[in-house]
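Notes to accompany the following structure.
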Amino acid sequence: RASRAAMPAFRQDGEKQLPQEVVFMAWSPKRDLIALANRAGEVLLHRLANFQRVWSLPPNENTGKEVTALAWRPDGKILAFGLTDTKRIILCDVEKPESLHSFSVDSSVTYMHWMEVTEESSVLTSFYNAEDESNLLLPKLPALPKNYSTTAKIFSEEKSDEIMKLLGDVRLNALVLGGNSGFIEIYAYGMFKIATVAGVAGSCRGLCLSSDLKSLSVITEIQGSLDSEAEITYFQASGLDTSLLSSYLPEVTRMARKFTHISTLLQYIKLSLTCMCEAWEEILMQMDSRLTKFVQEKNTTTSVQDEFMQLLLWGKASLELQALLMNQLTVKGLKKLGQSIESSYSSIQKLVVSHLQSGSEALLYHLSELKGMALWKQKYESLGLDASGIEEAITAVGSFILKANELLQVIDSSMKNFKAFFRWLYVAMLRMSEDHVLPELNKMTQKDITFVADFLTEHFNEAPELYNRKGKYFNVERVGQYLKDEDDDLVSPPNTEGNQWFNFLKNSTHLKESPLLFPYYPEKSLHFVKRQMEGVIDQCLQKPADVIGKSVHQAVCMSLYKISQGEDSTPQLFKLPFLWNDKTSNIHYVLFTILENSISKIYILRRNTDTSRSVSNGILAVEFGNFLNNSIRETSDSRCYSCLDAHFYDDETVTVVLKESVEQEGKERILAQLPLSSVYTTKDEDREFIWDSTKRLDEQSDEIPTHTVVLESQWRVLENMKAQYVAVNGIRRVSCVLSSNLRHVRVFEMDVEDDGEVEEEEEEETT
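With our numbering as the guide, the letters of the sequence shown map in order to residues 1 to 767.
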C-alpha cells in the first residue's frame, strides 16, 4: 500500500500565479475550457492545457465592473455573467470576447444556473422539427453593412450565423438567476423571462432547477438583526410541477422560442437605426448654421429669403450675400455639401428599405403568430398570453412602419429639392466669381426656377421660435430630425394640408376608431416611435413571467446553519453550500460544512423531488479518517481532516479539498474524490434521522448519522499550495484548485492515473 500511495492520483495539467484575485470559476460543459472572473471585473477564458489563456474581456462602462455570477449555456457556446454595479446580464460568445446580447434585471444577481430540459414528448419532437417554418415564409434578413462602427458583429455579413448561435438549439434551456432579497427569475434560452418567482426570503446563494422543470431548489442567506449572524436556509419549491412549466412544456417552449425571435428582431431594428444615425453626417447641418450666422451678422433689414429670391430673379446678389457665398460657403464647399447630402441620404434610404422594413415585417409576422397562440385559450391562456396586449404590440409596430415610410418620402423630396437648389446656386456662384459657366449648366427652364422659388419659400423663412428651441433660425435639412433620439417633437413635421386621405379620415367617424388603421404620430421622430414600440412589446412579454411565477409553491423550508462571521473576506461565490441536481433521477443534493470542535465535517442533504421514486430524503455527515500513511499520530484521534470545499463531480462522486485539522508547518492540503457509494450504504437505512423543524440543523447535529470514510486511492497531496477551493466538471473529467489567496491555480485531469493496475484494485475495494 505504501508504494501505491507514492503514485499520485490525477494528472496535473498546468499551474499559474494570476495577477488578480479570482472570484469565480466555471468549467465549460462541453470543452476543456474554464471561465474565470476576477476582482478587477475581467472575465477570462483559459484552456486546460497549461492553463493557457484564450481571451479576456475587460470591464467597461456599459457592461459593468463587478462580476458576481457566471454560467455556461448547456451547449457550451455561450457564457453568461452577471454584473452587480450595472445590474446587467451579458451573454458572451465563447469563440471571442464579444457581447451577443444583454439585458437588465431589477436586483444584483448573486447566483446563476443554466440548465437544459431533458423531458421528451412527441409534441415537443414535432415542434423541434417544425421550428423553421418562419424561414420558409420570411425573406432572410439582409446583413447590416460592415462600414459602421457600432454594428454589433452579430448582424454583419459573415456573422449572420451568430444570431442562430444566440438562438442556439431548439431544445428548451433555462437560465435561472437568483439575487438579493428573494429575487429569482427564470429566462428561457437565456433571453426571455418566463418566470418571476416570489415567496423566497433572503439573498440567493445557490439554485438548481431539475431537468424536468418539476422542482426548484434554492439556498438563501437570511440576515437577522444587524449584529446577529446570518442564517443559511434551504427552500425547495416543488410547485413548478403542479401546474405549469412541466405540464405545459411544449407550449412554454414554443412561446419562449417566439419571444426569442422577437427580441433578436428588436435588436436588429435598433442596430439598423444606429447605422442610419451614423450615415447622417454632421456636415448636413452646415447650411442651417451658416444661414443662422448670416442672419446674426448682417446689417440690412431684408430677410434671407428675399436675398436669395433677388439672386434668383435678377441674378444679382447683395454684397453681404456675396460674401457669405464666396468666402464662407465657397464653390468647393458647395460641391462637397451636395455630394455629402446625396451619399448620406441614399444610404439612409437603403437602410430603411432593406433593413428597417424587413425587420419590422418579420416582427409583425412573429407577433401575429403569437396572437394566434394567445387566442388558443385552452393551451395558452393559463400561461398568461394575452391577445389584447399582443394586439397593441402589433399596432405599435404598424405605427413604426408608417413612420419609416414617412421618412422615405421626406428623403425623396429633400433629394429632389436640394439637387435643383444646389445646381442653380452653383451656376450663380460661378458667375459671381466670373468663371466660365458650361453651357449645359446654363439651361434653366421656367419649371426649374419655380421649383427653386418654392424651395426657398418653404425652407428659407426665418423662425425666431426655432432659435429659442434649437439655437438656429432655419431648418433646411429635414431628415436629421427623424433620427434624433429625443422626446422633442419634430421641428418641421410633414405638411398634410390638402392631403385627400387625411381629409377623408377626419370627416369619417367610423374609420377613426378602426383597429385596422395604425395610429400615426405626425409630430414625432422615428426614434420616439421605436422606443414606444419597444415599450409596448416589452409590456406584452412581461405577463407570462408573472403568471408562471405565481404558480410556484414552496414545498419545504429548512433552516440549516448560522454563518460564522470570520469568513467574510472570501468571495461569496466560492462559499459552500453547493447544490446539485442528479439529472437521471432528479434528486437534489446540498453540500455544506459545519465546524465543530475545530473540525469541519461535510454534510450531504438529499431531497427526492420525484415522488414516484423510493429514494428517501435524508441527511448525513461525512468525516475523513486517517489515510496519510506517513502520519506519526496513527494512535491518536483518527478524525483529523477538515473539509474546506466540496463540489459534485458527477452523479456518483463528490470532489473535496481537505486539510489536516491540526495544521502544522509542512502539512499539505489534499484533493480527493469521495464516491457516494461509500457514503450511502445499505446499513444506513435504519438510522433515519428525525428532523426537528423547530430547530436549526446545526443545533441537532449530534443526532445526524456520521460516516467515517477512509480514502484508499482517489486522493492527491497538493504540494506547496494552500489550496482552498475547487471547481470541477465530471463530463470533461477535470478540476481546478484555487489557493486561499485566490491567485494560485492548478488544473488536473481527474481520471488519469499513471499505473494501469490501480483501477482494477480500486474496483475490488469498492465492491
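Virtual Cβ for every residue (Gly too), placed ideally from N, Cα, C. None of these values were measured; they are calculated from a predicted model.
{"query": "In chain order, each alpha helix (DSSP H) run of at least 4 residues that lies wholly inside the region 520-604", "result": "526-550"}
{"query": "The region 407-415 touching the region 362-374, judged by at least three CB pairs closer than 8 Å", "result": "no"}
{"query": "Strand pairing of Arg606, partner residues [DSSP]", "result": "Tyr589 and Gly618"}
{"query": "4 or more residues per run - each alpha helix (DSSP H) lying fully within the region 356-382", "result": "357-375 and 377-380"}
{"query": "Minimum C-alpha distance to Leu658 - residue among Ile670, Tyr649, Glu652 and Asp650", "result": "Ile670"}
{"query": "Beta bridge counterpart(s) of Arg716 as assigned by DSSP", "result": "Leu671"}
{"query": "Presumed contact (8 Å Cβ cut-off) between Pro29 and Ile731, rounded CB distance", "result": "6 Å"}
{"query": "Range covered by the beta strand (DSSP E) that runs through Asn173", "result": "Asn173 to Gly179"}
{"query": "Proximity below 9 Å, CB of Leu321 to CB of Phe294", "result": "yes"}
{"query": "Exposure of Gly618, with buried meaning 16 or more beta-carbon neighbours within 10 Å", "result": "buried"}
{"query": "Opening and closing residue of the beta strand (DSSP E) in which Asn729 lies", "result": "Ala723 to Asn729"}
{"query": "Spatial distance of Val22 from Asp702 (CA atoms)", "result": "36 Å"}
{"query": "Other residues of its chain near Phe10: CB distance less than 6 Å, five sequence neighbours each side excluded", "result": "Arg716, Phe748 and Met750"}
{"query": "Under the three-state DSSP convention, the category Ser263 falls into", "result": "helix"}
{"query": "Between the CA atoms of Ile269 and Leu526 - distance to the nearest angstrom", "result": "12 Å"}
{"query": "Arg469 classed as buried or exposed, judged by whether at least 16 other C-beta atoms fall within 10 angstroms", "result": "exposed"}
{"query": "From Glu391, Ile348 and Lys443, residue whose alpha carbon lies closest to that of His366", "result": "Glu391"}
{"query": "Buried versus exposed call for Arg607 [16 or more other C-beta atoms within 10 Å across all chains shown]", "result": "buried"}
{"query": "Terminal residues of the alpha helix (DSSP H) in which Glu406 lies", "result": "Ala387 to Met432"}
{"query": "Simplified DSSP state of Lys443, which is helix, strand or coil", "result": "coil"}
{"query": "Straight-line gap, Pro519 to Ile401 (C-alpha atoms, nearest Å)", "result": "11 Å"}
{"query": "Between the CA atoms of Cys92 and Thr264 - distance to the nearest angstrom", "result": "15 Å"}
{"query": "C-beta contact flag for Thr86 and Val109 at 9 Å", "result": "no"}
{"query": "Per-residue DSSP class, three states only, for Cys736", "result": "strand"}
{"query": "Opposing strand residues paired with Val656 [DSSP bridges]", "result": "Ala646 and Ala672"}
{"query": "Residue closest to Met721, alpha-carbon to alpha-carbon, out of Cys736, Val43 and Ser340", "result": "Cys736"}
{"query": "7 Å Cβ shell around Lys667 - same chain, five flanking residues per side excluded", "result": "Glu660"}
{"query": "His744 to Asp645 span [Cα, whole Å]", "result": "16 Å"}
{"query": "Cβ separation of Asp306 and Phe474, assumed to be a contact under 8 Å, to the nearest whole Å", "result": "Contact doesn't hold; Cβ gap of about 14 Å is too wide."}
{"query": "8 Å contact criterion, which Glu119 and Leu18 should meet: CB distance rounded", "result": "The pair is not a contact, with the Cβ atoms about 40 Å apart (cut-off 8 Å)."}
{"query": "Neighbourhood of Glu15 by C-beta, 6 Å cutoff - its chain only, sequence neighbours within 5 removed", "result": "Arg746"}
{"query": "Cβ distance (whole Å) where Phe183 is taken to contact Asp106 below 8 Å", "result": "7 Å"}
{"query": "6 Å CB neighbourhood of Glu634 in its chain, flanking five on each side removed", "result": "The predicted position of Glu634 is uncertain, since its pLDDT is 44 and thus under 50; no value can be drawn from it."}
{"query": "Contact check, Tyr680 vs Leu620, beta carbons under 9 Å", "result": "yes"}
{"query": "Beta-carbon contacts of Trp580 that lie in its chain and below 6 Å, excluding the five residues immediately before and after", "result": "Tyr589 and Phe648"}
{"query": "Alpha-carbon spacing of Phe502 relative to Lys512, whole angstroms", "result": "11 Å"}
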